[in-house]
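Undergrad:
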Ligand code: FES
Ligand code: FES
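In our numbering, the protein residues as written are 312 to 551.
(1) Checking 8 Å against the spacing of the C-beta atoms, do residue 386 and residue 413 come in under that value?
(2) Can you give the Cα-Cα distance for residue 532 and residue 437, rounded to whole angstroms?
(3) Using DSSP with H/G/I as helix, E/B as strand and the rest coil, what is residue 518?
(4) Could you tell me which of 503, 527 and 528 sits nearest to residue 516, measuring between CA atoms?
(5) Taking just the CA atoms, how far does residue 537 sit from residue 401?
(6) Run the proximity test for residue 488: is its beta-carbon closer than 7 Å to any non-hydrogen atom belonging to ligand 1?
(7) If you drop the 5 nearest sequence neighbours on each side, which residues of the same chain put their C-beta closer than 6 Å to that of residue 336?
(8) Whose C-beta lies closer than 7 Å to the C-beta of residue 408 among residues of the same chain, with five residues either side of it excluded?
(9) Say yes only if the C-beta of residue 479 is nearer than 7 Å to one or more non-hydrogen atoms of ligand 3, and no if none qualify.
(10) Candidates 484, 507 and 547: which alpha carbon is nearest residue 416's?
(11) Should residue 478 and residue 543 be called a contact, given that it needs their Cβ atoms to be closer than 8 Å?
(12) Can you tell me whether DSSP reads residue 488 as helix, strand or coil?
(13) Which of the three DSSP states, helix, strand or coil, is assigned to residue 468?
(14) Roughly how many whole angstroms lie between the Cα atoms of residue 332 and residue 378?
(15) DSSP three-state call for residue 364: helix, strand or coil?
(16) Within the same chain, show all residues whose beta-carbon is closer than 6 Å to that of residue 444, passing over the 5 residues directly before and after it, in chain order.
(17) Specify, as a first and last residue, the run of the beta strand (DSSP E) that residue 394 falls within.
(18) Taking 8 Å as the cut-off, decide whether the C-beta atoms of residue 459 and residue 440 are in contact.
(19) Tell whether a beta-carbon distance below 8 Å holds between residue 457 and residue 519.
(20) For residue 486 and residue 380, I'd like the C-alpha separation in whole angstroms.
(21) Give a single yes or no on whether residue 428 has its beta carbon closer than 7 Å to a heavy atom of ligand 1.
(22) When every heavy atom of ligand 1 is checked, does at least one fall within less than 7 Å of the C-beta of residue 440?
(23) For residue 392, is the classification buried or exposed, using 16 other Cβ atoms within 10 angstroms of its Cβ as the cut-off for buried?
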């Protein structure tokens, strides 16, 4: 009569006895016990390494500690001849200070990265993209927004020319176009050359359409009202 003897290679019990704990003497450990012991030893050996890895991957410190928030402080901006004292964090752009804090919503946010010109304002007569500069940098300077171009209830020559020549469609780019064109006329009167001026060492002879297009090239109009914008700027120049 034959008796089940189990696996001849590892000594494990036969399949019919697989749920029972295999019997083994200290001098003859089963394959299962050997594998369990080896796995336990490997885990213990790897533990210090795993702990070191976990410590290396842990963040050094929370983001709030690395970049502490600088509290707001009073910043006084002179906009369209009026002083605005605003509580601003140093990171607030001039564009956001004008729109969100001073409530002057005429200046528009298009791209917020210096590509469209919708946010153009005048600072001491010079046109800048207000999305690319911090408000705290402009204390003590005279800022002019589209709300400040008219005076005594009368439109500026550039504003009147834009209406006369229908130089807009949706109007979103128009505040920036108006501020930019206002500065353009001053720059031209002061003899500033552009990249299309034939001789940059001499005053540009006349404000041609090419000069206007080049000098207004920082102001994008998604409606494509460029032909009328150029006509309006030329008219404002000619009527000055
Ligand atoms: S919003 Fe400033 S350049 Fe577009
Ligand atoms: S009028 Fe619409 S973007 Fe210029």
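Here a beta-carbon is modelled for each residue, glycine too, at the ideal position from N, C-alpha and C. Predicted, not measured: the structure shown is a model, and the values here were computed from it.
TA: Short version:
(1) no
(2) 21 Å
(3) coil
(4) Among 503, 527 and 528, the Cα nearest to that of residue 516 is on 503.
(5) Roughly 37 Å between the two C-alpha positions.
(6) no
(7) In this prediction, residue 336 scores a pLDDT of 47, lower than 50, which makes its location untrustworthy; the coordinate-derived value is nonetheless stated afterwards. Same-chain partners within the cutoff: there are none.
(8) 388, 397, 399 and 446
(9) Among the ligands in the structure shown, ligand 3 does not appear; only ligand 1 and ligand 2 can be found there.
(10) Put simply, of 484, 507 and 547 the residue whose alpha carbon is nearest the alpha carbon of residue 416 is 484.
(11) In this structure, residue 543 lies closer than 8 Å to residue 478 by Cβ.
(12) helix
(13) helix
(14) Reliability fails at residue 332, whose pLDDT of 44 lies under 50, so the model's placement of it is uncertain and the value that follows must be treated cautiously. Residue 332 and residue 378: Cα-Cα distance of roughly 60 Å.
(15) Note that residue 364 has pLDDT 46, beneath the 50 cutoff, so the model's placement of it is unreliable and the number below is only indicative. If DSSP states are grouped into helix, strand and coil, residue 364 belongs with the helices.
(16) 405
(17) Taken as a continuous stretch (DSSP letters only), the beta strand (DSSP E) holding residue 394 covers 393 to 399.
(18) Cβ distance not < 8 Å, so residue 459 and residue 440 don't count as in contact.
(19) no
(20) One C-alpha to the other measures close to 33 Å.
(21) yes
(22) yes
(23) exposed
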